[in-house]
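Position in the sequence shown (first residue = 1) + 33 = this note's numbering. In this text, a Cβ means the ideal position worked out from N, Cα and C, and glycines have one as well. Heads up: the structure comes next, in structure tokens.
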Amino acid sequence: MSLEDLKLRAPIFQAPMAGVSTPELAAAVSNAGGLGALGLGASNWESAAAQVSAFRTLSSGPLHLNFFCHDEPERNPTLEAAWLARFSSEFAALKATLPDALKSPYTSAKDTPQLVDFVKEYRPELISFHFGLPNPEILSAIKQLEIPVLVSTTNVEDAELALSAGIDGLIAQGIEAGGHRGTFDPSSDYDFSNTALTTLELVERLGSLTARPIVAAGGIMSGIDIATALNIGANAVQLGSAFLLCPESGANEDYRDQIRKARGSGTVVTRAISGRAARGISNKMTNVGDTARTQDIPPYPIAYDLSKQLNALALEQGGSGYGAYWAGTGIANVRELPASDLIDQLMSETEAAFKPR
Ligand SMILES: Cc1cc2nc3c(=O)[nH]c(=O)nc-3n(C[C@H](O)[C@H](O)[C@H](O)COP(=O)(O)O)c2cc1C
């Protein structure tokens, strides 16, 4: 597989961002010569189909679709009740009843044959998986469709697994990245603060493993960042945070305000919001994560149910502080521009970065 088949003006991928990447954003990026994406990990099949159809009415350009392949969580009512109880004062302050139980807000595509039917019907130009790979039968049925398949990797071990499973290319997601770390086994990532690789370190390491395409993701905000990643061996770059303040993004007003305000204070990696390590803007939920022990947090995505409920209640009452406002270390450099202008600027900066001075 070659990324050249995508016929991009420049190898810039807009990251699939569940809940934030809209058909409008993806279409604006693809129409401007980058690769637009839809993050369908948290969508049901009906909503996923509607998003793809909306994209196709707005663009005849290439489309990247992304799905989650986490293991379905093991339920532990005692642990979940203890986690809920920890937030009783927050629910009381928001004048809401503490829920009786948590639910899992969405399912994994890992063992879902509908994934194959969906991809067959909508034929995106590229597919990627986050949190691991589909089971071997599903992956082999997808590979028969001859659509290139990538997977997010945060370390060499996951990359080796993906390559031996026949994946066409790797997304090298460094510790700078906004959103969830795509690490296959979340328990192998508990010690991320000591062991996590930066985007550039990971690109270099994966480059020594394979000649298949590598897409650098994490902290890439400018043409100089893009040129640096391409120079050390990445074949393309994937940017998420850079698009958060585009008018086409699905980020709500509170999220946008927090990005503008957080520019000086940065981001943190926490498990407290969703149950898996993810980088976002610090708030009341990430503060809980600073003290909660990993073993006390319900697994992904059950913990998400609680933070989503608190966030919805706070927003309804004009408050804030519980949102999963994912963003990477480059947050200070998010530009507030229409996506097509952002792609144009990134392309000309990248070209300038390659010109001899
Ligand atoms: C708001 C947000 C949501 C994200 N959602 C997804 C997702 O649904 N699937 C996925 O593969 N990656 C997701 N990511 C991670 C991105 O693919 C990518 O690794 C990351 O954005 C790169 O780092 P950057 O944000 O510093 O550009 C998300 C990132 C952000 C910021």
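For residue i, count neighbouring C-beta atoms within 10 Å of its own C-beta (all shown protein chains included) and say buried if the count is 16 or more, exposed if not.
i, result
"Q350", "exposed"
"G211", "buried"
"R390", "exposed"
"P169", "exposed"
"R312", "buried"
"Q271", "buried"
"N227", "exposed"
"K143", "buried"
"D323", "exposed"
"S80", "exposed"
"L9", "The requested residue 9 is not part of the displayed model; the chain covers only 34 to 390."
"E286", "exposed"
"Q328", "exposed"
"F120", "buried"
"G199", "exposed"
"D222", "buried"
"R309", "buried"
"E113", "buried"
"E105", "exposed"
"N264", "exposed"
May I ask whether a heavy atom of ligand 1 can be found less than 7 Å away from the beta carbon of residue i?
i, result
"A210", "yes"
"T185", "Sequence inspection shows Ser at residue 185; the Thr mentioned does not correspond to that position. Checking every heavy atom of ligand 1 against the Cβ of S185, one is found closer than 7 Å."
"I200", "no"
"W78", "no"
"P44", "no"
"L235", "no"
"H213", "yes"
"V53", "yes"
"A250", "yes"
"M50", "yes"
"H163", "yes"
"Q271", "yes"
"N99", "yes"
"Q84", "no"
"Q206", "yes"
"A275", "yes"
"W116", "no"
"A360", "yes"
"G72", "yes"
Output the boundary residues of the alpha helix (DSSP H) element that contains residue i.
i, result
"S80", "W78 to L91"
"I335", "I335 to E349"
"I204", "First-last for I204: G202 to Q206, but that is the beta strand (DSSP E), not the alpha helix (DSSP H)."
"F2", "A query on residue 2 cannot be resolved here, the shown segment of the chain reaching from 34 to 390 and no further."
"F225", "F225 to T228"
"V62", "P56 to N64"
"T383", "A372 to F387"
"D104", "D104 -> no alpha helix (DSSP H), and no H or E assigned at all."
"E234", "T232 to G240"
"K40", "Taken as a continuous stretch (DSSP letters only), K40 belongs to no alpha helix (DSSP H), as it is neither H nor E."
"D290", "E286 to A295"
"D258", "G256 to N264"
Tell me where the beta strand (DSSP E) around residue i begins and ends.
i, result
"F276", "It is not in any beta strand (DSSP E) - F276 carries neither H nor E in the DSSP assignment."
"T303", "T300 to T303"
"G72", "G69 to G72"
"F101", "L96 to F101"
"A250", "I247 to A250"
Is any heavy atom of ligand 3 found at a distance shorter than 7 Å from the C-beta of residue i?
i, result
"A126", "In the structure shown, ligand 3 is absent; the only ligands present are ligand 1."
Worksheet item: Which ranges would you report for the alpha helix (DSSP H) in the stretch 118 to 184 if only whole runs of at least 4 residues count?
Response: 121 to 126, 147 to 155 and 169 to 176
Worksheet item: Where in the stretch 303 to 329 do unbroken runs of the alpha helix (DSSP H), each at least 4 residues long, occur, reported from the N-terminal end onward?
Response: Counting only unbroken stretches of 4 or more residues, the alpha helix (DSSP H) elements lying wholly within the stretch 303 to 329 are 317 to 324, in sequence order.
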